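Trainee: In short: position in the sequence shown from 1, add 12, done, that's this note's numbering. Glycine included, C-beta positions come from ideal geometry on N, C-alpha and C. Being a predicted model, the structure only gives us computed values, none of them experimental.
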Amino acid sequence: MRACYQLVKEHDRVGRMADTQEFENFVLDKRQIAPALLALLQAEAGNKLTDLGDRIVISHLYIERRMVPLNLWLEQVNGQALRDAVEEYGNAIRQLAAANIFPGDMLFKNFGVTRHGRVVFYDYDEICYMTEVNFREIPPPRYPEDELASEPWYSVSPGDVFPEEFRHWLCADPRIGHCLKRCMPTCCAPTTGAHCKCGLKTAMWKMSTPTGASSVLACAMAPTVGRIRRLRRHPARCADLPDGATLIRPT
Numbered sequence: 013m014r015a016c017y018q019l020v021k022e023h024d025r026v027g028r029m030a031d032t033q034e035f036e037n038f039v040l041d042k043r044q045i046a047p048a049l050l051a052l053l054q055a056e057a058g059n060k061l062t063d064l065g066d067r068i069v070i071s072h073l074y075i076e077r078r079m080v081p082l083n084l085w086l087e088q089v090n091g092q093a094l095r096d097a098v099e100e101y102g103n104a105i106r107q108l109a110a111a112n113i114f115p116g117d118m119l120f121k122n123f124g125v126t127r128h129g130r131v132v133f134y135d136y137d138e139i140c141y142m143t144e145v146n147f148r149e150i151p152p153p154r155y156p157e158d159e160l161a162s163e164p165w166y167s168v169s170p171g172d173v174f175p176e177e178f179r180h181w182l183c184a185d186p187r188i189g190h191c192l193k194r195c196m197p198t199c200c201a202p203t204t205g206a207h208c209k210c211g212l213k214t215a216m217w218k219m220s221t222p223t224g225a226s227s228v229l230a231c232a233m234a235p236t237v238g239r240i241r242r243l244r245r246h247p248a249r250c251a252d253l254p255d256g257a258t259l260i261r262p263t
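(1) In chain order, which continuous runs of the beta strand (DSSP E) of length 3 or greater are located wholly inside the region 130 to 177?
(2) Touch check for the region 101 to 108 and the region 127 to 145: three-plus C-beta pairs under 8 angstroms?
(3) Quick one, are the C-beta atoms of Leu86 and Phe38 less than 9 angstroms apart?
(4) So what's Pro47 in DSSP terms, helix, strand or just coil?
(5) Looking at C-beta atoms only, is the number of pairs between the region 46 to 63 and the region 142 to 157 that lie closer than 8 angstroms three or more?
(6) Just the C-alpha distance for Met196 and Val20, rounded to the nearest angstrom, thanks.
(7) Alpha carbons only, please: which of Thr143, Ala46, Asp135 and Thr126 is nearest the one belonging to Arg78?
(8) Does the separation of the CB atoms of Glu144 and Gly171 fall below 9 angstroms?
(9) Output the boundary residues of the alpha helix (DSSP H) element that contains Gly124.
(10) With H, G and I counted as helix, E and B as strand and the rest as coil, what does DSSP make of Val98?
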């Protein structure tokens, strides 16, 4: 998991991946944390905590800006607000793909909504490069019984992704499914990811040649994702850190 977070640190986040601050030996006053949350931390990550009486020390910690999980946001909005949120989700997926990033797990709960209404990806456990993913079409069943079996009737290798399965959990809510089909009509088509992957590989090859390197990515991806914003990271200043905490800066 730490390798996934390091990948995000070193990659252009194109304004669609939450910045993280990584800490070691993070000191926290117990008065600043709810008892229920402290009990949960002790149960789930007790080996990372040291109890100092009125304070606790967390040996390794990631901090991100607070956002509203997209799945909770979608439950609370309707009409144009719902359409805007789903469209923002689609824009995030497209812009991440253009930056050679595949979220891995595209569930709404792994994305958040900022205070400005922008949808941002923040769960990096299964993140990988688009060029490492093999987008496949589910083959037809050999026999009717295949569709009722607990195991797939086809081989699955590491890195295989079947976009046809996206609709089962992205479109479970008819309201969201209608909006997705309207703003992302080909999101469940295997050819969509394959074409994007092919375009990235072509662009990378051209970028490695002496000619045409300056604008090839912009020309190749602009029709798909529109204007991509590049945000600068502002690491926390040492003066802002709690006593005893250490900020791990990207190398």
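Mentor: Short version:
(1) With a minimum length of 3 residues, the continuous beta strand (DSSP E) runs that stay inside the region 130 to 177 are 131 to 133.
(2) Remark: three or more beta-carbon pairs, one from each stretch, lie closer than 8 angstroms, so the region 101 to 108 and the region 127 to 145 are flagged as touching.
(3) no
(4) helix
(5) no
(6) 25 angstroms
(7) Looking at Thr143, Ala46, Asp135 and Thr126, the one whose alpha-carbon comes closest to that of Arg78 is Thr126.
(8) Yes; because the gap between Cβ atoms is below 9 angstroms, this pair is in contact.
(9) Here Gly124 belongs to no alpha helix (DSSP H); instead the beta strand (DSSP E) covers Phe123 to Val125.
(10) DSSP places Val98 in helix when its eight states are reduced to three.
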